């Protein structure tokens, strides 16, 4: 299996609800350094997994929607804790959609799976790793579905 | 698949037996920077994989048993080479036990697999990656079983 | 010149005032990975610059006052932009005060200068580097003085 | 599953053919920081995955064939774009061959799979991950076969 | 002293002349991860050293002139070895010029000194550190002057 | 000022004497990732600070004397705590001696100062920074002199 990874970052504010979060229930923030890894079994005729320039641009555009925002005010996240692992899934879904729109080029449809990792500090990170074309409901009810 | 990773470190002395180790047969030491990645297919109702605070505390407590020690003097390791890969398994087993005791919270039982990586320098590392609930004998005879 | 450095991190929310900040005028946040370097010309009789355990504890205690907070609500920062470089100075002042209180041990008074670096992402950081005992007004009016 | 990883680097010049590469169609170059991860289900009787010294030496010898070269002039790569992902496969094939020759020791035949990652900058990398003994044609026609 | 640092990278080909370079006399290449640190004694009225957005843009524009090029073909470097340390000076001179043109904003003239570091691998780097307004001939004859 | 830095590592065992060290009074160990930075005001006629190959070889040879050893048994360190900062000075002295012997080439005598940094973990490091030709006694009595 071949893969290519690109990196960018985003700086956001948010707060969490639930005793498990302790002081992180207060409004605070984070820098997330974001890695997106694209995987496919064979290279295309140019010898690449994806156009790394397009992949970087797509990631930047996707993160720009979140960058310098208070995630508590983003309607799409109402009622959800925007944890690092949750946001890894949000970026994953966004990259899958970008591939579907052709933003990464016509050949990027051959990408089988994607792994998104968000580094929240030098000692903690979270990831979401999944198939681009999931066989059934694309996401679990417990994960990101809205009621 | 979702994951969360935490990092800590431990500083130990030890020596190895076997020609393959060359000068590392002498008493020497290492700093191991330890990453533990917890994985589960869906997030819990708080939107997390594990309580990152509890995970960090459990890792610290586990490493404290080894920290600032000569591993050649630790009874549990008698007759074993405490290589980086062997110690990755020791940390894995310790984290599985911590989950079993409920140290990572009641919901951490949903963690399916764990990957432990020990970085011994800027150019070398070793890992153990396994299921939390292995279907049969939890470890191979060649790996960590004692006679 | 000898030095010792310790690292920790802090996660905060804040916003900036001034056109120069563009979208960072909105409420957002950051993880700051904080390095504090202590320097002195000779080692003490134990062969150290400072007690690294005490230095780490002091840094953690200092950052705990800021951690998981919206800096826009911290009275000490009213009317100031809590930029990365400004916060580097805040940590510097806090460490100087800690040395003055003896928190880093009786011998830490020999520390001549301190450099504090805050990494706000994988591509940007800021520092403040200064003498522990500045010969005149300990800080410039343009930097951190309050009217 | 256990693994051990070693790191080295190589500095090369090359150019790419194809509109997708934009300015990278010009002669340019790269430093690749190369990680090779060896995996096997159980440790050998010494408690290791592979002899880390031999693994490092084999990687260095393999990279020496490419180091300080213009890859456009290497006959084995004629007609191919020597992209980061392509070169990850080249290193993978070279390490599989080294194991086959016994360069990593008699016990290294138990290595089941290898992952090679080439970091081309602080924001981009590529990998090839495969079985050491692939069940059928060892590589896909679209990947590294020459017509 | 306050400082702010930004990071970017550039990928080039080149060759060196001189026995000291050994195999690096052949045409090869490098990725340089470039850090530029700007220093000034006091912050401006916005609480910053420089506008980090402008600094990043200026660095990107400067590196774009070198990116994806064979430096052996760049007229400005004729007869010079484009070593990592030499290129650190080139970036330094370019950033000083950018400040002079006002590219980093009207207040950036208060920047006293700049340090440029080029990381050529995970084990080697080079820097140039100098005053923005050097009191006499801005650079040594042995360093970057052209005949 | 120009500089070039090279990196290597060493793995040792040792123990400390003194209450300040707490559990580190026990026999333990460390991996030190060692950076050596060489500085001079102008480049030589080849356009370099030092021959990076020779610098790396000298550092490796120097560290080989310590590697895979229990520093408590090294006669030169009798009665001294081999702290990270102390060892930074040991490496500094060794590199100064190597320059004096001509190991880094005839032109390396122009190196004015050296900074040695030992990273003992992902959160702690220590350095010694000094002139190659110190004007008076080359080291302080409190630092590395033996009784």
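Chains as they are written, first to last, in our numbering: chain A, 108 to 254; chain B, 108 to 254; chain C, 108 to 254; chain D, 108 to 254; chain E, 108 to 254; chain F, 108 to 254. Quick reminder that beta carbons are idealized off the backbone N, C-alpha and C, glycines included. Please read these numbers as outputs of a predicted model, since none were measured by experiment.
Taking the alpha-carbon positions, what's the residue i to residue j distance?
{"i": "residue 121(A)", "j": "residue 136(C)", "result": "8 Å"}
{"i": "residue 125(D)", "j": "residue 205(D)", "result": "33 Å"}
{"i": "residue 155(B)", "j": "residue 219(D)", "result": "33 Å"}
{"i": "residue 173(B)", "j": "residue 172(D)", "result": "42 Å"}
{"i": "residue 189(E)", "j": "residue 194(D)", "result": "26 Å"}
{"i": "residue 209(A)", "j": "residue 134(B)", "result": "58 Å"}
{"i": "residue 180(F)", "j": "residue 168(F)", "result": "19 Å"}
{"i": "residue 236(A)", "j": "residue 236(B)", "result": "16 Å"}
{"i": "residue 186(F)", "j": "residue 153(D)", "result": "36 Å"}
{"i": "residue 203(C)", "j": "residue 170(C)", "result": "14 Å"}
{"i": "residue 241(D)", "j": "residue 221(D)", "result": "11 Å"}
{"i": "residue 182(D)", "j": "residue 114(D)", "result": "26 Å"}
{"i": "residue 200(C)", "j": "residue 201(E)", "result": "34 Å"}
{"i": "residue 198(B)", "j": "residue 198(D)", "result": "31 Å"}
Mind checking which residues open and close the beta strand (DSSP E) that includes residue i?
{"i": "residue 202(B)", "result": "Segment 191 to 207 is the alpha helix (DSSP H) holding residue 202(B); no beta strand (DSSP E) there."}
{"i": "residue 119(E)", "result": "109 to 121"}
{"i": "residue 236(B)", "result": "231 to 238"}
{"i": "residue 154(C)", "result": "Careful: residue 154(C) lies outside any beta strand (DSSP E) and carries neither H nor E."}
{"i": "residue 144(C)", "result": "135 to 147"}
Look up residue i in the DSSP assignment and say whether it is helix, strand or coil.
{"i": "residue 216(A)", "result": "helix"}
{"i": "residue 246(F)", "result": "For residue 246(F), the pLDDT reaches just 47, beneath the cut-off of 50, and the residue's location in the model is therefore unreliable, although a value from the coordinates is still provided. If DSSP states are grouped into helix, strand and coil, residue 246(F) belongs with coil."}
{"i": "residue 127(F)", "result": "helix"}
{"i": "residue 160(F)", "result": "helix"}
{"i": "residue 241(E)", "result": "coil"}
{"i": "residue 187(A)", "result": "coil"}
{"i": "residue 211(C)", "result": "coil"}
{"i": "residue 173(C)", "result": "coil"}
{"i": "residue 253(D)", "result": "Because residue 253(D) carries a pLDDT of 35, less than 50, the predicted location of this residue cannot be relied on, and the following value inherits that uncertainty. Coil."}
Let me check understanding here. Comparing Cα to Cα, which of the options lies closest to residue i?
{"i": "residue 150(F)", "options": "214(F), 118(F) and 172(F)", "result": "214(F)"}
{"i": "residue 116(D)", "options": "235(E), 231(E) and 238(E)", "result": "231(E)"}
{"i": "residue 196(D)", "options": "209(D), 141(D), 130(D) and 157(D)", "result": "141(D)"}
{"i": "residue 128(C)", "options": "175(A), 229(A) and 236(A)", "result": "175(A)"}
{"i": "residue 223(F)", "options": "229(F), 216(F) and 239(F)", "result": "239(F)"}
Leaving out five residues before and five after residue i in sequence, what residues of the same chain have Cβ atoms less than 8 Å from its Cβ?
{"i": "residue 191(B)", "result": "137, 139, 225, 227, 231, 232 and 233"}
{"i": "residue 249(E)", "result": "Bear in mind that a pLDDT of 41 at residue 249(E), under 50, signals an unreliable position, so the model cannot answer this."}
{"i": "residue 177(D)", "result": "119, 120, 121 and 134"}
Please return the same chain residues whose Cβ sits closer than 7 Å to the Cβ of residue i, not counting the five positions on each side in sequence.
{"i": "residue 108(F)", "result": "146 and 148"}
{"i": "residue 211(E)", "result": "157, 158, 161, 162, 165 and 205"}
{"i": "residue 112(D)", "result": "142, 143 and 144"}
{"i": "residue 132(F)", "result": "122, 123 and 124"}
{"i": "residue 110(D)", "result": "144, 145, 146 and 156"}
{"i": "residue 184(B)", "result": "178"}
{"i": "residue 207(F)", "result": "none"}
{"i": "residue 130(C)", "result": "none"}
Within its chain, find whatever has a CB closer than 6 Å to the CB of residue i; leave out the 5 residues flanking it on each side and keep chain order.
{"i": "residue 246(A)", "result": "Because residue 246(A) carries a pLDDT of 47, less than 50, the predicted location of this residue cannot be relied on, and the following value inherits that uncertainty. Correct list: empty, nothing qualifies."}
{"i": "residue 217(F)", "result": "147"}
{"i": "residue 229(B)", "result": "none"}
> If contact means a Cβ-Cβ distance below 7 Å, which residues of the stretch 154 to 165 of chain C contact chain H?
Replying inline: Looking at the structure shown, chain H is missing, and the protein chains on hand are A, B, C, D, E and F.
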